[in-house]
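Report on the structure given below.
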Amino acid sequence: MANTSRMTSYQRREQLIEIGRSLFASKGFEAVSVEEIAATAKVSKPIVYEHFGGKEGLYAVVVDREMRALTDTLINALSDPQAHPRQIVERTALALLTYVEENAEGFRVLTRDSPKTDPAGSFNSLLGDISIRVEDILTEAFKRQHLPAKGVPYYAQMLIGMTVYTCQYWADQRKLSKEQLAAHIVNLAWHGLSRMEAKPELRFESDKAAKEAEKQERREIKEIAKRERKAATEES
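Residue 174 in the working numbering sits at position 164 of the sequence shown, with consecutive numbering throughout.
This is the structure we're talking about:
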């Protein structure tokens, strides 16, 4: 396939990366072919192989670039040890939403199903690194509230999962502004953390709760029956 436009090797590589990012974001890795990449760029397939060795190589470069951009964004938000914990939560939520806003295709590439070979270890490894930083923040918050430290890793995962999946939804349903959504995320995260119980229990679904509810129901039935008998006696 001939291409009349002339590009330097660097320009051609950047063009292919941009095209690859767009195609992987919209269709997923498995559905994209080298033929489609080449056709979109108006080049021959050997050009794609020359720069990246194939579709897998191009995908790895796209993921690596987006991973570095997102990592830098989140680390900057988490890097101030003097900041108030709520300020860190606000910065982190806003930083992630800003990345999604400015790099929508890149975010979709990171959060879509990765190829079986998973060339970059990708998004989950990044979230694992971030969760460690969140654990450090939560550890101090738990100490101040005299909460058991064994729950910290789980709450860190909850906060990250809540934020990431909300961002995925917002990437396609932007009915709220970035700042509005960040405020909602912080509202749930912060007020949930500030009112946590030291020994949380299920109130309706646990065996203990179910037994207590059953006892209460029996007491109410007996009370109703007692009132009915009394009313019947008075009528007679």
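No residue lacks a Cβ here, since even glycine has one placed at the ideal position from N, Cα and C.
Note that the structure is a prediction, hence the values are computed from the model and not measured.
How many angstroms separate the CA atom of residue i from the CA atom of residue j?
i: E28; j: A208; result: 49 angstroms
i: P129; j: Y165; result: Note that P129 scores a pLDDT of 48, beneath 50, so its modelled location is shaky; the value from the coordinates is reported in the next line. So the two alpha carbons sit approximately 29 angstroms from each other.
i: S187; j: R96; result: 20 angstroms
i: A199; j: K236; result: 48 angstroms
i: K153; j: L203; result: 12 angstroms
i: W180; j: H201; result: 22 angstroms
i: K185; j: A241; result: 58 angstroms
i: Q25; j: V53; result: 11 angstroms
i: Y20; j: R75; result: 15 angstroms
i: V162; j: Q92; result: 20 angstroms
i: E222; j: R213; result: 10 angstroms
Nearest by alpha-carbon distance to residue i: which of the options is it?
i: M172; options: H194, R154 and Q97; result: H194
i: D139; options: F152, R154, R78 and L212; result: R78
i: A41; options: L157, T149 and R122; result: R122
i: N134; options: V73, E112, T102 and K225; result: V73
i: R23; options: V71, P158, F152 and A223; result: V71
i: F39; options: L191, L137 and G116; result: G116
i: V196; options: I47, V44, S19 and A103; result: A103
i: P210; options: L106, I231, L157 and N113; result: L157
i: G63; options: Q183, V44, T50 and P163; result: V44
i: E189; options: R101, A35 and F34; result: R101
i: R16; options: F34, R229, E150 and A51; result: A51
i: L68; options: P91, F34, E244 and V99; result: F34
i: V99; options: A151, K65 and K225; result: A151
i: N113; options: K225, V162 and D182; result: D182
i: D90; options: E46, D146 and K65; result: D146
Which of the three DSSP states, helix, strand or coil, is assigned to residue i?
i: M11; result: With a pLDDT of 49 at M11, under the threshold of 50, the predicted position of this residue should be treated as unreliable, though the coordinate-derived value follows. The answer is coil: DSSP assigns M11 none of H, G, I, E or B.
i: P95; result: helix
i: M168; result: helix
i: K113; result: According to the sequence shown, residue 113 is Asn rather than Lys. Here N113 sits in coil by DSSP.
i: M77; result: helix
i: R31; result: helix
i: D90; result: coil
i: K37; result: helix
i: H61; result: helix
i: W200; result: helix
i: H156; result: coil
i: P129; result: Its pLDDT being 48, under 50, P129 is placed unreliably in this model, and the value from its coordinates should be taken loosely. Three-state DSSP puts P129 in coil, outside helix and strand.
Looking at residue i: is its Cβ nearer than 8 angstroms to the Cβ of residue j?
i: V110; j: R31; result: no
i: Q167; j: M206; result: no
i: A48; j: K37; result: no
i: L107; j: L191; result: yes
i: T176; j: L136; result: no
For residue i and chain D, any beta-carbon pair shorter than 8 angstroms?
i: D139; result: The structure shown contains no chain D, having only a single protein chain.
Does the segment 72-88 come into contact with the segment 171-186, if we say contact requires no fewer than three beta-carbon pairs (one atom in each stretch) closer than 8 angstroms? When Cβ pairs closer than 8 angstroms are counted between the two stretches, the segment 72-88 is seen not to touch the segment 171-186, the count staying below three.
Please confirm if the segment 46-64 is in contact with the segment 142-150, defined as three or more CB-CB distances below 8 angstroms between the two stretches. Two segments are said to touch when three or more pairs of C-beta atoms, one from each, lie closer than 8 angstroms; by this definition the segment 46-64 does not touch the segment 142-150.
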